[in-house]
Amino acid sequence: MNIISEYINNDVKPLNSIQTMNEAHDLFMDFTYTHFPILENNIYIGCLNREDAETLNPGVKIESNKVNLERFFAKNTMSWLDVQELFARNQTNIMPVLDEKNNYIGYFEMEEFIRIFNETPFLKEEGGIIVVKKKQDDFSMSQITQIVESNNAKLLGLFISKIENNEIEITLKISLGGLNDIIQTFRRFDYNIISQHQEDSYIENLKERSDYLDKYLNI
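For the sequence shown, the working numbering begins at 1 and goes up steadily by one.
Here is the structure:
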């Protein structure tokens with residue numbers, strides 16, 4: 001069994017398409033969900049969003065709004081990172097879950113997945129954060145790992161935090177110690193350092209030279 005199957009929730013039953021918008025509205029009043037799963041003849045047909053439940057005619061049935069249902073879902077065989085991506089892409093805090101035969105089996109809550117992420121070494125272990133930038137065509141995950149490990153440190157995790165104008169920013173979590181050596185090695189491989197670090201001797205040297213120039217010009 002995939003480990004994320006442990007987090008499937010069934011505390012609240014899905015709405016049925018023959019229920020009214022008023023019933024849906026009452027459910028949204030009781031919970032903080034942005035969406036809620038809708039079943040029709042026990043088949044998942046999409047999610048009703050909170051705004052529709054609050055603004056549409058309360059007497060009409062949900063099935064009359066099927067065209068506006070949002071049809072996102074996760075499979076119970078996915079990794080937790082794939083599910084996190086679905087949460088972000090669909091701007092929701094609830095994710096319907098289907099099995100291998102596309103049967104609705106429950107839902108995930110975003111809050112629970114944030115808790116899972118908080119337990120990963122990327123956030124839980126002590127370490128330093130470095131944000132680097134490079135042309136998208138020039139960067140290499142293996143090179144980043146090699147730079148960190150060649151300075152006797154361990155890479156606890158990384159993720160791509162921004163892509164813009166063919167440049168990519170990568171956020172790294174690195175075990176404590178030797179950050180200055182790692183930073184200078186990244187610079188030698190033409191990475192720009194976006195984050196600021198007290199241990200950055202390069203920046204400190206620039207500051208000292210700038211202070212010296214200011215004193216000279218003020219003489």
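Ideal Cβ positions, reconstructed from N, Cα and C, are used throughout, including at glycine. Fair warning: this is a prediction, and the values are worked out from it, not measured in the lab.
Discussion item. Are there any heavy atoms of the ligand FMN lying less than 7 Å away from the beta-carbon of THR145, as far as the coordinates show?
Written reply: With respect to small molecules bound, the structure shown includes none, and the ligand FMN cannot be examined in it.
Item to complete: Answer yes or no: do ILE8 and VAL83 have a C-beta to C-beta separation smaller than 8 Å?
Response: Translated into positions along the sequence shown, residue 8 becomes position 8. Translated into positions along the sequence shown, residue 83 becomes position 83. Not a contact, by the Cβ cut-off of 8 Å.
Discussion item. So, does the stretch 123-142 touch the stretch 166-176, judging by three or more C-beta pairs under 8 Å?
Written reply: With a cut-off of 8 Å, the stretch 166-176 and the stretch 123-142 count as touching, because enough Cβ pairs lie within range.
Discussion item. Quick test of your reading: ILE38 and PRO58, contact by CB under 8 Å. State the CB separation rounded to the nearest angstrom.
Written reply: Stepping through the sequence shown from its first residue, residue 38 is reached at position 38. Stepping through the sequence shown from its first residue, residue 58 is reached at position 58. Not really, about 16 Å apart at Cβ, beyond 8 Å.
Item to complete: Per DSSP, which residues does GLY157 bridge with? Please list them.
Response: Residue mapping note: residue 157 aligns to position 157 of the sequence shown, counting from 1. Per DSSP, the beta bridge partners of GLY157 are LYS173.
Worksheet item: How is the beta strand (DSSP E) around VAL132 delimited, first residue to last?
Response: Counted from its first residue, the sequence shown places residue 132 at position 132. In the DSSP assignment, VAL132 falls within the beta strand (DSSP E) that extends over 128-135.
Worksheet item: Between PHE189, THR20, ILE43, GLN196, which lies nearest to GLY106 when the distance is taken from Cα to Cα?
Response: Indexing the sequence shown from 1 puts residue 106 at position 106. Closest option to GLY106, Cα to Cα, is ILE43.
Discussion item. Between the alpha carbons of HIS25 and GLU54, how many angstroms are there, rounded?
Written reply: Translated into positions along the sequence shown, residue 25 becomes position 25. Translated into positions along the sequence shown, residue 54 becomes position 54. Whole-angstrom Cα-Cα distance: 6 Å.
Discussion item. Considering just the uninterrupted stretch of the beta strand (DSSP E) at GLU100, what are its terminal residues?
Written reply: Within the sequence shown, numbered from 1, the residue matching residue 100 stands at position 100. Note, GLU100: premise wrong, no beta strand (DSSP E); not H, not E.
Worksheet item: Along the chain, which unbroken stretches of the beta strand (DSSP E) at least 3 residues long are found entirely within the stretch 60-119?
Response: 94-98, 104-109
Worksheet item: Are there 16 or more other CB atoms within 10 angstroms of the CB of VAL148, so buried, or fewer, so exposed?
Response: Working through the sequence shown from its first residue, we reach residue 148 at position 148. Its Cβ being crowded by 16 or more others within 10 Å, VAL148 is buried.
Fill in: Simplified DSSP assignment, three categories, for TYR33
Within the sequence shown, the letter at position 33 stands for residue 33. Three-state DSSP puts TYR33 in coil, outside helix and strand.
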